[in-house]
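Just so we're aligned, residue 651 is where the sequence shown starts under the numbering used here, counting upward by one. Single-structure report; data block below.
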Amino acid sequence: TGTAEPTLCGTPINGTLNLAHSNLTQNELMLKLDEDLCQDQLRRILELDISHNNVEMDLLSLFSLFFPMKNTLSINASSNKLTINILDAESFCKFPSHQLLFLNISNNPINSLDTLCLPSSIKEIDLSFTNISQIPLNFAKKLLNLEKMYVQGNHFIYTAFSESVNSLPMCVPPPGTVHINAIS
Numbered sequence: 651t652g653t654a655e656p657t658l659c660g661t662p663i664n665g666t667l668n669l670a671h672s673n674l675t676q677n678e679l680m681l682k683l684d685e686d687l688c689q690d691q692l693r694r695i696l697e698l699d700i701s702h703n704n705v706e707m708d709l710l711s712l713f714s715l716f717f718p719m720k721n722t723l724s725i726n727a728s729s730n731k732l733t734i735n736i737l738d739a740e741s742f743c744k745f746p747s748h749q750l751l752f753l754n755i756s757n758n759p760i761n762s763l764d765t766l767c768l769p770s771s772i773k774e775i776d777l778s779f780t781n782i783s784q785i786p787l788n789f790a791k792k793l794l795n796l797e798k799m800y801v802q803g804n805h806f807i808y809t810a811f812s813e814s815v816n817s818l819p820m821c822v823p824p825p826g827t828v829h830i831n832a833i834s
């Protein structure tokens, strides 16, 4: 049921769909990744690059386009106009079984990660130059497999606090603490 003109759907080459620098708008991207029209092509995408376009949309709406792409391992959506506008993301944040390992959403006006909704399979995320000022306490709980996080070019506000001062010596960080060796 998913056969469309080759030019309508994005066609991956060797598993990569490169739509970078294509001056795509939200509507054009939605058409190229249409679940009903492009089923066959979407299943073959291992890497998706939509960087450096004019895609202006909420991050959760963008991710809903990726749901049918169950084999995709890497998504580069950097340098667009992606934002986080959903206030109650938890009620919508239900990803089908997904294999996504790498996500680059750098150079987008994200501003806050409080309601960020991501697949828990992600091992590496690039949040550089996204105007974020802090990493929420529950961020690590959402991304259980996270190994690397890039945050260059953000202006962090650091807060030191202790939930239970007497339970741990000051030299022992609380469980779930992220160690940052360097921020450049």
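We put the CB at the ideal spot given by N, CA and C, even for glycine. Everything numeric in this text was worked out from a predicted model, so none of it was measured.
Can you give the Cα-Cα distance for residue i and residue j, rounded to whole angstroms?
{"i": "threonine 780", "j": "lysine 682", "result": "26 Å"}
{"i": "lysine 720", "j": "aspartate 684", "result": "14 Å"}
{"i": "serine 770", "j": "asparagine 664", "result": "26 Å"}
{"i": "leucine 751", "j": "alanine 790", "result": "15 Å"}
{"i": "leucine 793", "j": "glutamate 678", "result": "30 Å"}
{"i": "asparagine 804", "j": "glutamine 691", "result": "36 Å"}
{"i": "histidine 702", "j": "asparagine 673", "result": "7 Å"}
{"i": "glutamine 802", "j": "serine 778", "result": "5 Å"}
{"i": "isoleucine 695", "j": "asparagine 788", "result": "31 Å"}
Taking residue i and residue j to be in contact with their CB atoms under 8 Å, please state how far apart those CB atoms are, rounded to whole angstroms.
{"i": "glutamine 676", "j": "glutamate 697", "result": "With 8 Å as the limit, glutamine 676 and glutamate 697 do not qualify as a contact, their Cβ atoms being about 21 Å apart."}
{"i": "asparagine 761", "j": "serine 729", "result": "About 16 Å; that fails the 8 Å criterion."}
{"i": "phenylalanine 806", "j": "cysteine 767", "result": "In fact, because the Cβ distance is near 22 Å, the residues do not count as touching under 8 Å."}
Among the options, which residue has its Cα nearest to the Cα of residue i?
{"i": "cysteine 597", "options": "Asn758, Leu710, Leu796 and Cys659", "result": "Past the edges of the chain, shown from 651 to 834, lies residue 597, and the structure says nothing about it."}
{"i": "proline 662", "options": "Asp699, Leu674, Asp686 and Asn673", "result": "Asp699"}
{"i": "aspartate 776", "options": "Leu753, Glu797 and Asn795", "result": "Leu753"}
{"i": "phenylalanine 717", "options": "Asn757, Lys744 and His702", "result": "Lys744"}
{"i": "isoleucine 773", "options": "Thr765, Leu787, Gln749 and Leu766", "result": "It is lysine, not isoleucine, that sits at residue 773 in the sequence shown. Measuring from the Cα of lysine 773, the nearest candidate turns out to be Gln749."}
{"i": "isoleucine 734", "options": "Tyr800, Ile782 and Asn726", "result": "Ile782"}
Could you pull out every unbroken alpha helix (DSSP H) segment of at least 4 residues lying fully inside the region 691–724, listed in chain order?
709–716
Please give the ranges of any beta strand (DSSP E) in the region 655–685, keeping only runs that are unbroken, at least 3 residues long and fully inside the region.
666–668
Completely contained alpha helix (DSSP H) runs for the region 744–795, where each covers 4 or more residues
789–792
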